[in-house]
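Residue numbers (our numbering): 5 to 238.
For reference, the structure is listed below as C-alpha coordinates.
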(Lines of atoms letter the chains of each structure in order from A and count residues from 1; the text may use other names and numbers.)
(Lines give C-alpha, C1' and ligand atoms only; values in the text may rest on other atoms or scores of the structure.)
Protein backbone atom coordinates (compact mmCIF):
# COMPACT_ATOMS: atom_id res chain seq x y z
CA UNK A 1 0.00 0.00 0.00
CA UNK A 2 2.80 2.41 0.81
CA UNK A 3 4.53 1.67 -2.48
CA UNK A 4 1.32 2.42 -4.35
CA UNK A 5 0.93 5.71 -2.50
CA UNK A 6 4.51 6.79 -3.28
CA UNK A 7 4.14 5.81 -6.93
CA UNK A 8 1.02 7.96 -7.30
CA UNK A 9 2.74 11.01 -5.83
CA UNK A 10 5.87 10.49 -7.93
CA UNK A 11 3.91 10.24 -11.17
CA UNK A 12 2.27 13.55 -10.43
CA UNK A 13 5.59 15.21 -9.68
CA UNK A 14 6.89 14.14 -13.08
CA UNK A 15 4.11 16.12 -14.77
CA UNK A 16 1.76 13.27 -15.58
CA UNK A 17 -1.90 14.27 -16.03
CA UNK A 18 -4.40 13.63 -13.29
CA UNK A 19 -6.20 10.30 -13.42
CA UNK A 20 -9.92 10.80 -13.78
CA UNK A 21 -12.50 8.08 -13.43
CA UNK A 22 -15.98 8.29 -14.86
CA UNK A 23 -18.76 6.47 -13.04
CA UNK A 24 -19.62 3.17 -14.70
CA UNK A 25 -23.28 2.54 -15.39
CA UNK A 26 -24.95 1.22 -12.26
CA UNK A 27 -21.86 1.80 -10.13
CA UNK A 28 -22.46 3.54 -6.81
CA UNK A 29 -20.66 6.87 -6.53
CA UNK A 30 -18.71 7.15 -3.25
CA UNK A 31 -19.39 10.04 -0.89
CA UNK A 32 -16.64 12.69 -1.11
CA UNK A 33 -15.13 13.81 2.20
CA UNK A 34 -13.24 17.09 2.70
CA UNK A 35 -11.70 17.85 6.10
CA UNK A 36 -9.98 21.11 7.07
CA UNK A 37 -8.27 20.51 10.42
CA UNK A 38 -6.74 23.26 12.56
CA UNK A 39 -6.23 21.05 15.63
CA UNK A 40 -3.69 18.39 14.63
CA UNK A 41 -0.69 20.61 13.79
CA UNK A 42 0.63 23.38 16.00
CA UNK A 43 1.64 25.78 13.22
CA UNK A 44 -0.14 24.49 10.13
CA UNK A 45 -3.55 23.54 8.76
CA UNK A 46 -4.20 19.98 7.56
CA UNK A 47 -6.49 19.40 4.58
CA UNK A 48 -7.72 15.90 3.71
CA UNK A 49 -9.69 14.75 0.67
CA UNK A 50 -11.28 11.33 0.22
CA UNK A 51 -13.33 10.00 -2.70
CA UNK A 52 -13.33 6.22 -2.66
CA UNK A 53 -10.67 4.83 -5.01
CA UNK A 54 -11.12 7.58 -7.62
CA UNK A 55 -8.69 10.29 -6.59
CA UNK A 56 -6.11 11.21 -9.19
CA UNK A 57 -2.75 12.91 -8.77
CA UNK A 58 -1.83 15.22 -5.91
CA UNK A 59 -0.54 18.02 -8.10
CA UNK A 60 -3.94 19.29 -9.27
CA UNK A 61 -5.16 19.96 -5.75
CA UNK A 62 -1.77 21.32 -4.68
CA UNK A 63 -1.81 23.79 -7.58
CA UNK A 64 -5.35 24.86 -6.66
CA UNK A 65 -4.30 25.52 -3.06
CA UNK A 66 -1.22 27.47 -4.17
CA UNK A 67 -3.41 29.62 -6.40
CA UNK A 68 -4.96 30.93 -3.17
CA UNK A 69 -1.54 32.14 -2.03
CA UNK A 70 -1.04 29.25 0.38
CA UNK A 71 2.17 27.34 1.00
CA UNK A 72 1.77 23.57 0.62
CA UNK A 73 4.36 22.22 3.03
CA UNK A 74 3.60 18.55 2.40
CA UNK A 75 1.29 16.43 0.27
CA UNK A 76 0.87 12.67 0.42
CA UNK A 77 -1.49 9.84 -0.50
CA UNK A 78 -2.44 7.03 1.84
CA UNK A 79 -4.51 4.02 0.79
CA UNK A 80 -6.55 1.85 3.13
CA UNK A 81 -8.34 -0.97 1.35
CA UNK A 82 -9.88 0.60 -1.74
CA UNK A 83 -10.09 4.10 -0.24
CA UNK A 84 -7.43 6.68 -1.14
CA UNK A 85 -6.94 9.81 0.95
CA UNK A 86 -5.01 12.89 -0.17
CA UNK A 87 -3.55 14.79 2.77
CA UNK A 88 -1.95 18.23 2.61
CA UNK A 89 -0.20 20.31 5.24
CA UNK A 90 -0.56 24.01 4.39
CA UNK A 91 0.40 27.34 5.91
CA UNK A 92 -0.39 30.99 5.35
CA UNK A 93 2.33 33.47 6.26
CA UNK A 94 4.14 30.72 8.17
CA UNK A 95 1.23 29.63 10.37
CA UNK A 96 -2.25 28.16 10.45
CA UNK A 97 -4.96 29.36 8.08
CA UNK A 98 -7.23 31.14 10.56
CA UNK A 99 -9.40 33.57 8.61
CA UNK A 100 -12.86 32.15 8.00
CA UNK A 101 -12.93 33.66 4.50
CA UNK A 102 -9.78 31.76 3.52
CA UNK A 103 -10.98 28.50 5.08
CA UNK A 104 -14.19 28.81 3.08
CA UNK A 105 -12.11 29.55 -0.05
CA UNK A 106 -10.02 26.41 0.55
CA UNK A 107 -13.12 24.26 0.90
CA UNK A 108 -14.75 25.76 -2.19
CA UNK A 109 -11.56 25.42 -4.26
CA UNK A 110 -11.07 21.77 -3.34
CA UNK A 111 -14.69 20.88 -4.10
CA UNK A 112 -14.59 22.81 -7.40
CA UNK A 113 -11.40 20.93 -8.30
CA UNK A 114 -13.09 17.63 -7.42
CA UNK A 115 -16.07 18.49 -9.63
CA UNK A 116 -13.71 19.39 -12.49
CA UNK A 117 -11.74 16.14 -12.51
CA UNK A 118 -14.49 13.85 -11.18
CA UNK A 119 -17.81 15.19 -12.55
CA UNK A 120 -19.64 12.17 -11.17
CA UNK A 121 -19.05 13.55 -7.66
CA UNK A 122 -21.58 16.31 -8.42
CA UNK A 123 -24.46 14.02 -7.46
CA UNK A 124 -23.00 13.75 -3.97
CA UNK A 125 -21.98 17.38 -3.33
CA UNK A 126 -24.10 20.42 -2.52
CA UNK A 127 -22.03 22.53 -4.95
CA UNK A 128 -22.79 20.00 -7.68
CA UNK A 129 -26.56 20.10 -7.23
CA UNK A 130 -28.82 22.42 -9.21
CA UNK A 131 -32.54 23.10 -9.03
CA UNK A 132 -32.91 20.88 -12.10
CA UNK A 133 -31.29 17.95 -10.31
CA UNK A 134 -33.23 17.50 -7.05
CA UNK A 135 -32.94 17.61 -4.19
CA UNK A 136 -31.65 21.21 -4.14
CA UNK A 137 -32.27 21.17 -0.42
CA UNK A 138 -31.61 17.61 0.73
CA UNK A 139 -33.80 18.10 3.83
CA UNK A 140 -30.93 17.32 6.19
CA UNK A 141 -31.82 18.35 9.76
CA UNK A 142 -29.67 20.91 11.55
CA UNK A 143 -28.01 19.53 14.69
CA UNK A 144 -26.19 21.82 17.13
CA UNK A 145 -24.45 21.36 20.45
CA UNK A 146 -22.44 23.74 22.62
CA UNK A 147 -20.56 22.42 25.67
CA UNK A 148 -17.92 23.93 28.00
CA UNK A 149 -14.31 22.82 27.59
CA UNK A 150 -12.82 20.89 30.55
CA UNK A 151 -10.25 23.64 31.20
CA UNK A 152 -12.95 26.36 31.26
CA UNK A 153 -11.16 28.40 28.58
CA UNK A 154 -14.05 28.24 26.13
CA UNK A 155 -16.74 26.02 24.66
CA UNK A 156 -16.94 23.39 21.93
CA UNK A 157 -19.52 24.09 19.21
CA UNK A 158 -20.58 21.25 16.93
CA UNK A 159 -22.63 21.98 13.83
CA UNK A 160 -24.17 19.43 11.47
CA UNK A 161 -26.27 20.86 8.65
CA UNK A 162 -27.00 20.67 4.94
CA UNK A 163 -23.92 21.98 3.16
CA UNK A 164 -24.11 25.00 0.89
CA UNK A 165 -21.63 27.59 -0.43
CA UNK A 166 -20.89 30.23 2.19
CA UNK A 167 -22.10 28.12 5.12
CA UNK A 168 -18.95 28.71 7.17
CA UNK A 169 -19.21 32.47 6.75
CA UNK A 170 -22.86 32.37 7.86
CA UNK A 171 -21.85 30.57 11.05
CA UNK A 172 -18.96 32.93 11.76
CA UNK A 173 -21.14 35.99 11.07
CA UNK A 174 -23.76 34.80 13.57
CA UNK A 175 -21.10 34.14 16.21
CA UNK A 176 -19.38 37.47 15.58
CA UNK A 177 -22.67 39.32 15.86
CA UNK A 178 -23.05 37.87 19.35
CA UNK A 179 -19.45 38.71 20.37
CA UNK A 180 -18.55 35.01 20.41
CA UNK A 181 -14.93 34.50 19.30
CA UNK A 182 -13.79 31.52 17.22
CA UNK A 183 -10.34 30.34 18.30
CA UNK A 184 -10.09 27.21 16.13
CA UNK A 185 -12.17 25.17 13.71
CA UNK A 186 -12.32 21.82 11.95
CA UNK A 187 -14.39 21.87 8.77
CA UNK A 188 -15.65 18.47 7.63
CA UNK A 189 -17.73 18.14 4.46
CA UNK A 190 -19.18 14.67 3.83
CA UNK A 191 -21.07 14.81 0.57
CA UNK A 192 -24.03 17.17 1.09
CA UNK A 193 -23.56 17.26 4.88
CA UNK A 194 -21.34 19.76 6.73
CA UNK A 195 -19.98 18.57 10.10
CA UNK A 196 -18.03 21.43 11.65
CA UNK A 197 -16.41 21.74 15.08
CA UNK A 198 -15.43 25.12 16.55
CA UNK A 199 -13.64 26.13 19.72
CA UNK A 200 -15.32 29.36 20.82
CA UNK A 201 -15.21 31.74 23.76
CA UNK A 202 -17.22 34.61 25.17
CA UNK A 203 -15.18 37.35 26.83
CA UNK A 204 -12.30 34.89 27.21
CA UNK A 205 -14.23 32.03 28.77
CA UNK A 206 -16.97 29.46 28.14
CA UNK A 207 -20.48 30.53 27.24
CA UNK A 208 -22.84 30.53 30.20
CA UNK A 209 -26.26 28.87 30.03
CA UNK A 210 -28.09 31.96 28.81
CA UNK A 211 -25.49 32.75 26.14
CA UNK A 212 -25.45 29.12 25.04
CA UNK A 213 -29.22 29.17 24.50
CA UNK A 214 -29.11 32.47 22.60
CA UNK A 215 -26.26 31.28 20.37
CA UNK A 216 -27.87 27.94 19.54
CA UNK A 217 -31.20 29.61 18.77
CA UNK A 218 -29.54 32.16 16.47
CA UNK A 219 -27.55 29.49 14.63
CA UNK A 220 -30.55 27.20 14.29
CA UNK A 221 -32.65 30.02 12.83
CA UNK A 222 -29.95 31.02 10.32
CA UNK A 223 -28.99 27.50 9.23
CA UNK A 224 -32.61 26.31 8.93
CA UNK A 225 -33.78 29.37 7.00
CA UNK A 226 -33.83 27.65 3.54
CA UNK A 227 -36.16 24.98 4.97
CA UNK A 228 -38.44 27.65 6.47
CA UNK A 229 -38.59 29.59 3.21
CA UNK A 230 -39.39 26.41 1.27
CA UNK A 231 -42.24 25.53 3.64
CA UNK A 232 -43.69 29.05 3.46
CA UNK A 233 -43.71 28.97 -0.35
CA UNK A 234 -46.25 26.14 -0.58
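Heads up, the beta-carbon is just placed ideally off N, CA and C, and yes, glycines get one too.
My guess is that residue i and residue j are in contact by the Cβ rule of under 8 Å, so how many angstroms apart are they, rounded?
i: residue 89; j: residue 45; result: The Cβ separation is near 16 Å, so there is no contact.
i: residue 175; j: residue 184; result: About 10 Å; that fails the 8 Å criterion.
i: residue 101; j: residue 49; result: 4 Å
i: residue 103; j: residue 191; result: The Cβ separation is near 13 Å, so there is no contact.
i: residue 188; j: residue 42; result: 5 Å
i: residue 81; j: residue 54; result: The pair is not a contact, with the Cβ atoms about 11 Å apart (cut-off 8 Å).
Out of the options, which has the shortest C-alpha to C-alpha gap to residue i?
i: residue 226; options: 196, 106, 147; result: 147
i: residue 40; options: 64, 87, 113; result: 113
Just curious, the beta strand (DSSP E) that residue i is in, first and last residue?
i: residue 46; result: Neither: residue 46 is in no beta strand (DSSP E) and is coded neither H nor E.
i: residue 190; result: 184-194
i: residue 41; result: 37-41
Quick check: what's the CA-CA separation for residue i versus residue j?
i: residue 180; j: residue 150; result: 16 Å
i: residue 166; j: residue 198; result: 6 Å
i: residue 222; j: residue 120; result: 35 Å
i: residue 159; j: residue 204; result: 5 Å
i: residue 108; j: residue 85; result: 30 Å
i: residue 213; j: residue 83; result: 44 Å
i: residue 79; j: residue 93; result: 6 Å
i: residue 70; j: residue 76; result: 7 Å
i: residue 98; j: residue 73; result: 12 Å
What residues are listed by DSSP as bridge partners for residue i?
i: residue 152; result: 159
i: residue 205; result: 185
How would you write the range of the alpha helix (DSSP H) that residue i sits in, first residue to last?
i: residue 86; result: Unbroken run through residue 86: none, as it is neither H nor E.
i: residue 216; result: 213-227
i: residue 116; result: 104-121
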